[in-house]
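These notes concern the structure reproduced below.
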């Protein structure tokens, strides 16, 4: 297969858009286990094993969720993780009781398919 771009149009009734991403190499440079996607496997408090002061969040982290699945690697989850970690650090610095486990709240899915064409779903 040639690496040159094809400039010819192909008529169709269905258009499929897909994007591929590669996980950060953080698991490798932290020397911690990674999942199939390469995300660092974290404890319930979002720290890596044997390193209670190293937090991994967002799409770099593989966080256990419900029914053996992992928290989706999406912005709302990353925001919740960031808030959780900030609260843990603040509580550690002020000597207060530290929240033990991160709990993800899925608030639904939203995608913009085109101008003025939103899609909203609430299942995962």
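Residue numbers (the numbering used here): -16 to 107. For glycine and all other residues, C-beta sits at the position ideal for the given N, C-alpha and C.
Proximal residues to residue i (C-beta, below 6 Å), its chain only, five neighbours per side dropped
{"i": "residue 20", "result": "6"}
{"i": "residue 38", "result": "29, 30, 68"}
For residue i, the three-state DSSP class (helix, strand or coil)
{"i": "residue 53", "result": "strand"}
{"i": "residue 13", "result": "coil"}
{"i": "residue 93", "result": "strand"}
{"i": "residue 80", "result": "coil"}
{"i": "residue 67", "result": "helix"}
{"i": "residue 73", "result": "helix"}
{"i": "residue -6", "result": "coil"}
Supposed close pair residue i, residue j - CB separation, criterion 8 Å
{"i": "residue 74", "j": "residue 68", "result": "Their Cβ separation, rounded to whole angstroms, is 11 Å, which puts residue 74 and residue 68 out of contact at 8 Å."}
{"i": "residue -8", "j": "residue 9", "result": "At roughly 41 Å, the Cβ-Cβ gap does not stay under 8 Å, so residue -8 and residue 9 are not in contact."}
Own chain residues within Cβ distance below 7 Å of residue i, not counting five before or after
{"i": "residue 70", "result": "82"}
Quick one: complete beta strand (DSSP E) runs, 3+ long, within the stretch 15 to 48?
-> 34 to 38
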